[in-house]
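These notes are about the structure you will find just below.
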Amino acid sequence: MRLRHRKWTDRVLNENTDIGKNLNDLDASKEVLKEYKNLEIGCGLAGFILELSRRHPETNYLGVEINKNAFATAVKKGSAVKDTQKNFLLVNAPIERLFPLFDENQFDNLYLNFSDPWPKKHQHHRRLNYPTFQKEYLRILKDGGTLYFRTDNSELFQDSVGYFKEAGLFDFEVIEPFYSENVDYLPPTEYETKFREKGFDIHLLIAHKKTK
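If you read the sequence shown in the numbering used here, its first letter stands for residue 1215, the second for the next number, and so on.
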């Protein structure tokens, strides 16, 4: 995601540390992350997670975004609704740095929406569905918990199906093409709307943690 730095970025981030945090903020309050039961990795501009937060005020949502400029826009959007939506938090950090801070069986749901495809072969280990990441997801998802992976990238999707087969840690199903308007559990993201308008199909993989 290529977004340029905005003049308001630092001001918005400084004014909204209640909903937007980085690793330094979390050093003093690691326990705050354990309040959250739903996690989006790579939340981008936060349209998806803020919509889930609005629809389901009874549960908490955590969005993680590594790109600071995207994160700043997400926090700005969050600041417009935080007085009425008290159930979300946004964090600017690599997800690898946060895994140790999560409890086992913490999350009901994990969301991977339009993740970076890392197309070069030597980059594939950085893909968020790679087997090494799946081991972390297995640890932090509760028994029977669900992972949703959505993308427009056919190559990434087919490779990801292979990763899930290879790892063998989850039961999963594939829906393609996927239409968010046909379900109530996955609102559209900014990317889905954009790609659908261009005629791209959306692919969805739903993975369930196997119960012991």
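Heads up, the beta-carbon is just placed ideally off N, CA and C, and yes, glycines get one too.
Remember, it's a predicted structure, so these values are computed and weren't measured experimentally.
The residue among Val-1226, Gly-1256 and Thr-1287 with its C-alpha nearest the C-alpha of Ile-1309 is Gly-1256.
The alpha helix (DSSP H) runs lying completely inside the segment 1243–1301 and spanning 4 residues or more are 1261–1269 and 1282–1293, given in chain order. Nearest in C-alpha terms to Val-1246, of all of Leu-1304, Lys-1282 and Trp-1222, is Leu-1304. Under the 8 angstroms Cβ criterion, the segment 1374–1391 counts as touching the segment 1417–1425, having at least three qualifying pairs. In this structure, Leu-1342 keeps its C-beta atom at 7 angstroms or more from the C-beta atom of Leu-1253.
With respect to the 7 angstroms criterion, Asp-1366 and Phe-1414 are classified as neighbours on the basis of their beta carbons. By the beta-carbon neighbour count (other beta carbons within 10 angstroms, threshold 16), Pro-1271 is exposed. Proximity to Phe-1262 across Leu-1237, Gly-1292, Ile-1233 and Val-1226 peaks at Gly-1292, based on C-alpha coordinates. Burial state of Glu-1395 is exposed, judged by a 10 Å Cβ sphere holding fewer than 16 other Cβ atoms.
Check the Cα spacing between Lys-1379 and each of Gln-1348, Arg-1353, Glu-1406 and Arg-1364: the tightest is with Gln-1348. Here Val-1226 is actually not in contact with Lys-1296; their C-beta atoms are around 12 angstroms apart, not less than 8 angstroms. Each residue's CA atom was taken as its position, placing Thr-1298 and Phe-1409 some 30 angstroms apart. Counting only runs that start and end inside the segment 1323–1372, the beta strand (DSSP E) elements of at least 3 residues fall at 1355–1365. Beta-bridge analysis with DSSP links Leu-1419 to Phe-1363 and Val-1388. A straight line joining the alpha-carbon of Leu-1312 with that of Phe-1363 spans about 19 angstroms.
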